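>
Residue numbers (my numbering): 526 to 579.
(1) For a test of the three-state rule: what should DSSP assign to residue 562, helix, strand or coil?
(2) State yes or no: is the C-beta of residue 570 within less than 8 Å of the C-beta of residue 544?
(3) Is the beta carbon of residue 542 closer than 8 Å to that of residue 568?
(4) So what does DSSP say about residue 579, is it helix, strand or coil?
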């Protein structure tokens, strides 16, 4: 069995990594948890626009 990622899978991982590195910093997550809304609607919108939600 070959468990090597395909080029497409590597690209998806790279895009997701970049989004989370940019949008889910420890400081930003701390701010989210301190607020009333405990999820990042902007991050979810970016994930959707990058077609990463399924």
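Quick reminder that beta carbons are idealized off the backbone N, C-alpha and C, glycines included. All values reported here derive from a predicted model rather than from experimental measurement.
According to the structure shown:
(1) coil
(2) no
(3) no
(4) Residue 579: coil per DSSP, three-state reduction.
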